[in-house]
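J.: Below are the structure tokens for one structure; questions will follow.
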Amino acid sequence: MEEYFEVLNEKGEYTGEVETREKCHKEGLWHKAVVVFIINSKNQVLLQKRSETKKLWPNMWDVTAGGHVLEGEMGFQALIREAKEELGIDLQKQNISEI
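Count along the sequence shown from 1, add 2, and you get the number used in the working numbering.
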């Protein structure tokens, strides 16, 4: 399934354009992404080791989960989706803090 992203300008403002993941990455078009940090009650951050098959930074330690914000999706929705897809964790909006 082809992914579509809303294109941003260098100030992070929506341009009204929507492009494919491939075109955004190939042409360096700005688009939104999210990163999930899982922090426990001891302020410890969960890390994971990236797969050796990853295109970028294989076998490197990384924050817990992340991904692109799809066309029509809000950032918190992307966080919830990515946490479920990558970690099997069901996040709730009230448990999310933006930084």
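Beta carbons are placed, not taken as given, at the ideal position from N, Cα and C, and that holds for glycine. Predicted model only: the values in this text are computed from it and were never measured.
Which of the three DSSP states is assigned to Glu-73 in this structure?
T.: It is coil, neither helix nor strand.
J.: Which residues bound the alpha helix (DSSP H) around Lys-44?
T.: Here Lys-44 belongs to no alpha helix (DSSP H), and DSSP marks it neither H nor E.
J.: Could you tell me the alpha carbon to alpha carbon distance between Asp-64 and Lys-51, rounded to whole angstroms?
T.: Their backbone Cα atoms lie some 6 Å apart in a straight line.
J.: Excluding the five sequence neighbours on either side, which residues of its own chain have a C-beta within less than 8 Å of the C-beta of Val-20, listed in chain order?
T.: Result list for Val-20: Tyr-6, Phe-7, Glu-8, Val-9 and Glu-73, in chain order.
J.: Following the continuous alpha helix (DSSP H) through Glu-5, name the residue where it begins and the one where it ends.
T.: No alpha helix (DSSP H) holds Glu-5; DSSP gives it neither H nor E.
J.: Taking only runs that begin and end inside the region 4 to 38, name each unbroken beta strand (DSSP E) of 3 or more residues, in chain order.
T.: Qualifying beta strand (DSSP E) stretches, in chain order: 6 to 10, 16 to 22 and 35 to 38.
J.: May I ask you to list the residues that DSSP assigns as paired with Ala-67?
T.: Ala-67 is bridged to Val-38.
J.: Which same chain residues end up closer than 7 Å to Thr-17 when comparing Cβ atoms and leaving out the 5 residues on each side of it in sequence?
T.: So the list reads Val-9, Leu-10 and Asn-11, once near-sequence residues are dropped.
J.: Report buried or exposed for Glu-100, applying the criterion of at least 16 other Cβ atoms within 10 angstroms of its Cβ.
T.: It is exposed - the Cβ of Glu-100 has fewer than 16 other Cβ atoms within 10 Å.
J.: Select from Val-36, Thr-66 and Glu-54 the residue whose C-alpha is nearest the C-alpha of Asn-42.
T.: Comparing Cα-Cα distances from Asn-42 to each of Val-36, Thr-66 and Glu-54, the minimum goes to Thr-66.
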